[in-house]
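Under our numbering, the first residue of the sequence shown carries the number 307, and numbering increases by one thereafter. Virtual Cβ for every residue (Gly too), placed ideally from N, Cα, C. Worksheet: one structure, shown below.
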Amino acid sequence: MAAQGTPKQDKAAAPPLPEPLRVPVADSHTHLDMQDGTVEDALAKAASVGVNTVVQVGCDLAGSRWAANTAAAHENVHATVALHPNEAPRIVHGDPDGWSRQGARQPGGLAALDAALEEIATLAALPQVRGVGETGLDYFRTGPEGVEAQTYSFRRHIEIAKRHDKALVIHDRDAHADVLRVLEEEGAPRTVVFHCFSGDQEMAKACAEAGYYMSFAGNVTFKSAQPLRDALTVAPLDLLLVETDAPFLTPAPYRGRPNAPYLIPVTLRAMAEAKGVEEDELAAAIAANTARAFGYAP
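Here it is as structure tokens:
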């Protein structure tokens, strides 16, 4: 019985610490509120391998409040606040199953979405909040009935980011052309970050031409992700970031196990290999890029 239980235990176990980076970097996108353990433990573990800064990302009102409060309490944590693209339709159309962290909700319509966006705007004004996001479009999890709410919310987030001169953090899933179109129509903020970049070489070229940052996550290590690695080869060094999106997208060979900021070195080394640059060169560029994008001292 013990032998049969071992694989399940291993799959649920945290991956081991990677070899520390020689040049410290930041995790540009993580969700500490969705990870096991304390914030202090997560930051200490990350720092032990050369990940000395994290950007804590909000996805709904509760998570955005938490991100702002956590960043205020920890010098090396910076916050972003937003309503995730999949959150906007839940506010408008309701959440009858109650699977979101805010529990079951009745349809609130556009008035409820506007009220939530006003709170996001208030949070975005805080000094420890360095970005507005993750926002954007997601055609994978939200069907056609949610596109209008998503697009309206996305446009409002763009305005909030410009109003407070904060980085706009984009969630783009199966919606590349529409995301780029809305950014052009609204006029992009000074700083735009494509979180968990998921495009191909042509998308990377379009982002580079517009001066948008591209943040790569653990999925760049997946065997099926050659288009991502191809995109990485044409992405300019001064527009690259690295992230975990933890607890999601754990890099190979630990795919399926819990992700955390301390695994950034695994992804960064895979990026360096795919791009054909030295690890230290890439780390130094990413550290400077992340500080510049989110407006903190490196």
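For residue j and residue i, the rounded distance between their alpha carbons
i, j, result
"Q362", "C513", "23 Å"
"F460", "A422", "13 Å"
"A431", "H470", "6 Å"
"A320", "P330", "22 Å"
"Q532", "V526", "8 Å"
"D333", "A552", "10 Å"
"F446", "I476", "15 Å"
"P413", "E454", "15 Å"
"G505", "E515", "14 Å"
"N565", "D401", "27 Å"
"A309", "D536", "Because A309 carries a pLDDT of 42, less than 50, the predicted location of this residue cannot be relied on, and no value is offered for it."
"D444", "L489", "15 Å"
"A374", "E584", "35 Å"
"K529", "N382", "33 Å"
"Y518", "A350", "31 Å"
"D342", "M520", "27 Å"
"E346", "P322", "18 Å"
"P450", "R487", "18 Å"
Local conformation of residue i per DSSP, three classes
i, result
"A319", "coil"
"L338", "helix"
"L443", "strand"
"T312", "In this prediction, T312 scores a pLDDT of 40, lower than 50, which makes its location untrustworthy; the coordinate-derived value is nonetheless stated afterwards. If DSSP states are grouped into helix, strand and coil, T312 belongs with the helices."
"A332", "strand"
"A385", "strand"
"G437", "strand"
"V475", "strand"
"V355", "coil"
"D544", "helix"
"D366", "coil"
"R561", "coil"
"R411", "strand"
Residues near residue i in its chain [Cβ-Cβ closer than 8 Å; skip 5 each side]
i, result
"T448", "P391, N392, P395 and Q456"
"L588", "L543, L546, L574, M577, A578 and K581"
"E465", "E492"
"Y458", "A394, L416 and L419"
"D403", "A410"
"A590", "V329"
"L367", "L389, Q408, A422, E425 and I426"
CB contact flag (residue i, residue j, <8 Å)
i, j, result
"H463", "L474", "yes"
"V360", "T344", "no"
"A385", "V499", "no"
"L538", "F522", "yes"
"A388", "C365", "yes"
"H501", "E440", "yes"
"V398", "G442", "no"
"T550", "I570", "yes"
"G524", "K317", "no"
"V540", "Q507", "yes"
Own chain partners of residue i with C-beta closer than 6 Å, once the 5 adjacent residues on each side are dropped
i, result
"A352", "P567 and Y568"
"P495", "A467, K468 and L474"
"L534", "V526"
"P326", "V355 and G356"
"G601", "R436"
"A427", "I466"
"V572", "P324 and P557"
"G452", "P395"
"V438", "A388, A430, H463, I466, A467, K472 and L474"
Segment limits, alpha helix (DSSP H) that includes residue i
i, result
"F503", "Taken as a continuous stretch (DSSP letters only), F503 belongs to no alpha helix (DSSP H), as it is neither H nor E."
"V485", "H482 to E492"
"Q532", "Q532 to V540"
"Y518", "It is not in any alpha helix (DSSP H) - Y518 carries neither H nor E in the DSSP assignment."
"V572", "I570 to K581"
"T596", "E585 to F600"
"E393", "E393 to H399"
"R462", "V453 to H470"
Same chain only: Cβ atoms within 7 Å of residue i, ignoring 5 sequence neighbours per side
i, result
"D339", "G369 and W372"
"A593", "V329, P330, V331, A332 and P604"
"A378", "Q434"
"R479", "D444, Y445, F446 and S504"
"Q315", "Residue placement at Q315 is poorly supported in this model, since its pLDDT is 47, which falls under 50; the coordinates still yield a value, given next. Correct list: empty, nothing qualifies."
"H380", "V345 and L349"
Residue i Cβ short of 7 Å to the ligand GTP heavy atom set
i, result
"A512", "Ligands displayed in this structure: none; no statement on the ligand GTP is therefore possible."
Residue i - containing beta strand (DSSP E), residue span
i, result
"L429", "Careful: L429 lies outside any beta strand (DSSP E), inside the alpha helix (DSSP H) at G415 to A430."
Residue-level contact to chain D via CB, residue i, 8 Å cutoff
i, result
"L547", "The structure shown contains no chain D; it holds only a single protein chain."
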